[in-house]
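Q:
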Amino acid sequence: MKKVFVLCGITVFVLAFFSTSHAGLPFNTVEGVGGVTFNPLAYTAGSSFDKDKSDTEFSYKDVLSKPQFGGWYVNLGGGPGAKLTTMGFAETLFKRLELSYGYESLATDLGKVGVNPNVQNNYGAKLLLLEENFKGLNFLPAISVGTIYKQTSRVVLTSVANNNSSWDYYVVGTKLITQLPMPVLLSAGGLSTQGLATGLLGYDHDRATIFFGNFDILPIKQVAVGFEYKQGASYSDTGLKNANIWSIHAAWFATKNLTLIAAYANAGKTTTVLPAVTGQGATLGLGDGFAVSAQYQF
59 MKKVFVLCGI
69 TVFVLAFFST
79 SHAGLPFNTV
89 EGVGGVTFNP
99 LAYTAGSSFD
109 KDKSDTEFSY
119 KDVLSKPQFG
129 GWYVNLGGGP
139 GAKLTTMGFA
149 ETLFKRLELS
159 YGYESLATDL
169 GKVGVNPNVQ
179 NNYGAKLLLL
189 EENFKGLNFL
199 PAISVGTIYK
209 QTSRVVLTSV
219 ANNNSSWDYY
229 VVGTKLITQL
239 PMPVLLSAGG
249 LSTQGLATGL
259 LGYDHDRATI
269 FFGNFDILPI
279 KQVAVGFEYK
289 QGASYSDTGL
299 KNANIWSIHA
309 AWFATKNLTL
319 IAAYANAGKT
329 TTVLPAVTGQ
339 GATLGLGDGF
349 AVSAQYQF
């Protein structure tokens, strides 16, 4: 396994030197929002952190950003496990309001969920409240608030929850620090949710507030390597708890339009997935495994 990581790392770094133009963050998350793998960033879609800020002339870009698309394939767990396939689209209006759509398909036989995939539709809106380095204040992060309306095709834990739709609300701050030997991207926020396994298994009647955060470094201009964490929500009414989610990822900004990503994601061990359909005291996870993504920004 270590040899695979080393080979992938060498390949990414070598290939990066053969391209002179590059894209950048944010990507489309698995839920379609402008962010990384699981977490949103304060940056809006089409507004790369590495964009050229010298262009002051008014253009259509001041009204509509270039649309961006992203897809993920996440293979979680060996044996009985989960496979998550997603597609996302995002567009920003007036450099402030990001609108997004994400489609998630979860295929699993864990906990006898069934053969047919569980489908979740995510409709997102993110508003940039404060631009990064506003008024020349280089210590200020970008700050955004957002919401995602989620709707799943099937509620799995019907004995404890029967909601098939819900709203997520979040606030997030993101800052690119360029004064260090390598650029560092930091992002953190809070999320209010009712989701069971982010909503893929349905929604609790209760609501919980959780923390999420990202850390990325750019060792060379066209590569980002980082870590991502999302706290698992706990619901007092049912005793259910989502597993914490974390991932490590490497992104290669292959061209000015295309980004390729490889990641290892952990969304709870497979032994903790749906131990009892009654759900009392259960920790809901989807396993761990590798993920790949292709992102395209026009």
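Our numbering runs 58 ahead of the 1-based position in the sequence shown.
From the three backbone atoms N, C-alpha and C, an ideal C-beta is built for every residue, glycine too.
1. Put Asp264 into one of helix, strand or coil per three-state DSSP.
2. Less than 7 Å between the beta carbons of Ala148 and Ser158, yes or no?
3. Out of Gln252, Asn221, Ala266 and Ser105, point me to the one whose CA is closest to Leu185's CA.
4. Can you give me the start and stop residues for the beta strand (DSSP E) that Gly146 sits inside?
5. Just the Cα atoms here: how many angstroms apart are Tyr161 and Tyr207?
6. Using CA atoms only, rank isn't needed, just tell me which of Val121, Lys124, Gly146 and Ser305 is closest to Ala352.
7. Apply the 10 Å Cβ neighbour rule to Val132 and answer buried if 16 or more other Cβ atoms are within range, or exposed otherwise.
8. Report yes if the C-beta distance between Val94 and Glu286 is below 7 Å; otherwise report no.
9. Could you have a look at Phe192 and say whether DSSP puts it in helix, strand or coil?
10. For Gly137, which residues of its own chain have a beta-carbon under 6 Å away from its beta-carbon, when the five flanking residues on both sides are left out?
11. Which residues in the same chain as Phe356 place their Cβ atom closer than 8 Å to its Cβ, once the five residues preceding and following it in sequence are excluded?
12. Give me the Cβ distance between Ile268 and Thr256, rounded to the nearest whole Å; I'm assuming they're in contact under 8 Å.
13. Just the C-alpha distance for Lys288 and Ile303, rounded to the nearest angstrom, thanks.
14. Spatial neighbours of Ser224 within its chain, please: CB distance less than 6 Å, with the 5 preceding and 5 following residues excluded, ordered by chain position.
15. When burial is assigned at 16 or more other CB atoms within 10 Å of the CB, is Ser305 buried or exposed?
16. Can you have a look at Pro239 and say buried or exposed, based on whether 16 or more other CB atoms are within 10 angstroms of its CB?
17. Which runs of the beta strand (DSSP E), 3 residues or longer, sit entirely within the region 285-331?
18. On the DSSP letters alone, give me the boundaries of the beta strand (DSSP E) that Ser224 sits inside.
19. So is Phe152 buried or exposed if we call it buried at 16+ other beta carbons inside 10 Å?
20. When you compare each of Leu99, Leu155, Thr144 and Gly135 to Val121 by their alpha carbons, which one comes out closest?
21. Pull up the distance between the alpha-carbon of Gly182 and that of Gln237, whole angstroms please.
22. Which one or two residues does DSSP pair with Asn180 in a beta bridge?
23. With a Cβ-Cβ cutoff of 7 Å, do Gly345 and Gly135 count as a contact?
24. To the nearest angstrom, report how far apart Ala103 and Thr144 are at their CA atoms.
25. So who's on the other strand from Phe396, going by DSSP bridges?
26. Quick check: what's the CA-CA separation for Tyr101 versus Asn196?
A: Let me spell this out:
1. Your numbering for residue 264 matches position 206 in the sequence shown. Strand at Asp264.
2. Translated into positions along the sequence shown, residue 148 becomes position 90. Translated into positions along the sequence shown, residue 158 becomes position 100. Yes, the pair counts as a contact, with Cβ atoms nearer than the cut-off.
3. If you number the sequence shown from 1, residue 185 lands on position 127. Ranking Gln252, Asn221, Ala266 and Ser105 by Cα distance to Leu185 puts Ser105 first.
4. What you label residue 146 is simply residue 88 of the sequence shown in a count that begins at 1. Segment Ala140 to Leu151, the beta strand (DSSP E) holding Gly146.
5. Here residue 161 corresponds to residue number 103 of the sequence shown, with the count starting at 1. Here residue 207 corresponds to residue number 149 of the sequence shown, with the count starting at 1. Roughly 12 Å between the two C-alpha positions.
6. The count along the sequence shown starts at 1 and reaches residue 352 at position 294. It is Gly146.
7. Residue numbering aside, residue 132 sits at position 74 when the sequence shown is read from its first letter. Classification of Val132: buried, given that the 10 Å Cβ count is 16 or more.
8. Start at 1 with the first residue of the sequence shown, and residue 94 comes out as number 36. Start at 1 with the first residue of the sequence shown, and residue 286 comes out as number 228. Closer than 7 Å, so yes.
9. To locate residue 192, count along the sequence shown from 1; it is residue 134. Residue state, collapsed to three classes: helix.
10. By 1-based counting over the sequence shown, the position of residue 137 is 79. With a pLDDT of 45 at Gly137, under the threshold of 50, the predicted position of this residue should be treated as unreliable, though the coordinate-derived value follows. Closer than 6 Å at Cβ, skipping near neighbours: no residue.
11. As a working mapping, residue 356 is identified with position 298 in the sequence shown. Taken in chain order, the residues that qualify are Lys124, Pro125, Gln126 and Asn315.
12. Taking the first residue of the sequence shown as position 1, residue 268 is located at position 210. Taking the first residue of the sequence shown as position 1, residue 256 is located at position 198. Wrong, their Cβ atoms sit about 11 Å apart, outside the cutoff.
13. Translated into the one-based positions of the sequence shown, residue 288 becomes position 230. Translated into the one-based positions of the sequence shown, residue 303 becomes position 245. Approximately 5 Å, taken between the alpha carbons.
14. As a first step, residue 224 must be located in the sequence shown, where it is residue number 166. These residues qualify, in order along the chain: Lys208, Gln252 and Tyr261.
15. For the purposes of this step, residue 305 is taken as the residue at position 247 of the sequence shown. The residue is buried, with at least 16 neighbouring Cβ atoms inside 10 Å.
16. As a first step, residue 239 is located in the sequence shown; it is residue number 181 there, counting from the start. Exposed, since its Cβ has fewer than 16 Cβ neighbours within 10 Å.
17. 303-311 and 316-324
18. Residue numbering aside, residue 224 sits at position 166 when the sequence shown is read from its first letter. Ser224 -> beta strand (DSSP E) spans Ser223 to Ile235.
19. Residue mapping note: residue 152 aligns to position 94 of the sequence shown, counting from 1. Exposed: under 16 other Cβ atoms inside 10 Å.
20. In the sequence shown, the residue the question calls residue 121 occupies position 63. Nearest of Leu99, Leu155, Thr144 and Gly135 to Val121, Cα basis: Leu155.
21. Indexing the sequence shown from 1 puts residue 182 at position 124. Indexing the sequence shown from 1 puts residue 237 at position 179. So the alpha carbons of these two residues sit roughly 33 Å apart.
22. One-based indexing of the sequence shown puts residue 180 at position 122. Paired residues: Gly160 and Lys208.
23. As a working note, residue 345 is residue 287 in the sequence shown. As a working note, residue 135 is residue 77 in the sequence shown. Yes, Cβ-Cβ distance for Gly345 and Gly135 is below 7 Å.
24. Mapped onto the sequence shown, residue 103 falls at position 45. Mapped onto the sequence shown, residue 144 falls at position 86. Their backbone Cα atoms lie some 17 Å apart in a straight line.
25. Here the chain comprises residues numbered 59 to 356, so residue 396 is not present and cannot be evaluated.
26. Here residue 101 refers to the residue found at position 43 when the sequence shown is read from its first residue. Here residue 196 refers to the residue found at position 138 when the sequence shown is read from its first residue. Tyr101 and Asn196: Cα-Cα distance of roughly 16 Å.
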